[in-house]
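Residues 1 to 263, numbered by the working numbering, are exactly what the sequence shown covers, in order.
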Amino acid sequence: MDEKEFDVATQLLIYGQVEAVNKKRHLDWSIKAENNYDFAKKVNSVPLMAAEFPHAAQDYSIVFAGEGEQLLPVVVMGIKQDENLYVNDQGQWVAKYIPAFVRRYPFVFASTDEGKTLTLCLDESYSGCNQENRGERLFDGDGEQTQYLSKVLEFLQDYQNHYQRTQAFCSKLVELDLFEDMGAKFTLPSGEERTLTGFKVINKEKLKAIKQEDLSQLFSSDGLELIYLHLHSLRNLNKMLQNSGAISETSASDEPEDSAEIH
């Protein structure tokens, strides 16, 4: 059968009707938290901050997507378009760790002035948004921020700080020329062949060849630990393929945990 390709660097957005949070528009709005992740069921990858690697590496494959300053770590969550294998039919997240990109929803920062100004925004299409006082109010009766909204702002500011640190980490890896383009071939239960493409991983041989000075810098900045967490996490790709019912071309290998073909 013809081989089909799917780029994991797409489908990152989970937001619909985004509006800036302000007391004139949202004075009587509340947010009812729901243990339902249907809003993310059609994304096959989301960005991951460097600080999340130790937790995420247990459940997901961590790869890198994008180019230049836009290159970021992402977790692979599906092998087809509009598919997230970590959200079940009941809308529950089936992995122990949920990426911060997902946890911050329905809120997000919008940046202007080349990132100098950040505005808190809300996806008004989120099912938990209401004006019936269900859940947590955004503003009190005097139009002041509630403690809930203050905590949301704190979480998103922390996320933004980690985003900048993650960018610096990725820039260093680019500077050291450690990346290579990668892909994974697999076969669906129907017999259809697919190729997961559009991501980068660290090349082990390039890593072994870097100067001692650069290696020491990576070690002291915890970058080396992040690299090995990334490399170790790649074996989770095969687990995801098994959960989806797909098999790789080398699924009969004597080493099943590494059987997903990476090229």
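Where is the CB? At the ideal position from N, CA and C, for every residue including glycine.
Closest option to Asn44, judged by alpha-carbon separation, among Asn84, Leu118, Glu52, Phe199: Asn84. The C-beta of Gly78 has 16 or more other C-beta atoms within 10 Å across all chains shown, which makes the residue buried.
Distance from the CA of Val74 to the CA of Gln147, rounded to the nearest whole angstrom, comes to 31 Å. With fewer than 16 other CB atoms across the displayed protein chains lying within 10 angstroms of its CB, Lys208 is exposed.
Unbroken alpha helix (DSSP H) runs of no fewer than 4 residues, entirely contained in the region 18–54, are found at 23–26, following chain order. The beta carbon of Phe139 is closer than 6 Å to those of Lys23, Leu27 in its chain, skipping five residues each way along the sequence.
Annotation: Phe219 to Lys206 spans about 16 Å, alpha carbon to alpha carbon.
Its chain contains Ser30, Ile31, Lys32, Ala33, Gly128 as the residues whose beta carbon lies nearer than 8 Å to that of Gly135, once the 5 sequence neighbours on both sides are disregarded; these appear in chain order. Lys239 sits in a helix when the DSSP states are folded into three classes.
Closest in C-alpha terms to Ile202, from the list Tyr60, Thr187, His232, Gln242, comes His232. Annotated three-state conformation of Ser111 is strand, per DSSP.
DSSP assignment within the region 173–236 yields the following whole beta strand (DSSP E) runs of 3 residues or more, N-terminal first: 179–187, 193–202. Between Ala40 and Val102, the gap from beta carbon to beta carbon is short of 8 Å. Cβ contact annotation for Leu176 (same chain, cutoff 7 Å, sequence separation greater than five): Ile210, Asp214, in chain order. If you draw a straight line from the Cα of Ala20 to the Cα of Leu72, it comes to about 25 Å. Nearest to Gln157 by C-alpha distance, out of Asp181, Gly143, Thr117, is Thr117.
Straight-line measurement puts the Cα of Glu67 at about 27 Å from the Cα of Gln212. Boundaries of the alpha helix (DSSP H) harbouring Phe101: 100–103, taken from the DSSP string.
Bounds of the beta strand (DSSP E) holding Ser61 are 61–65.
The three-state secondary structure of Thr117, taken from DSSP, is strand. Counting other Cβ atoms within 10 Å of its Cβ, Gly141 stays below 16 and is therefore classed as exposed.
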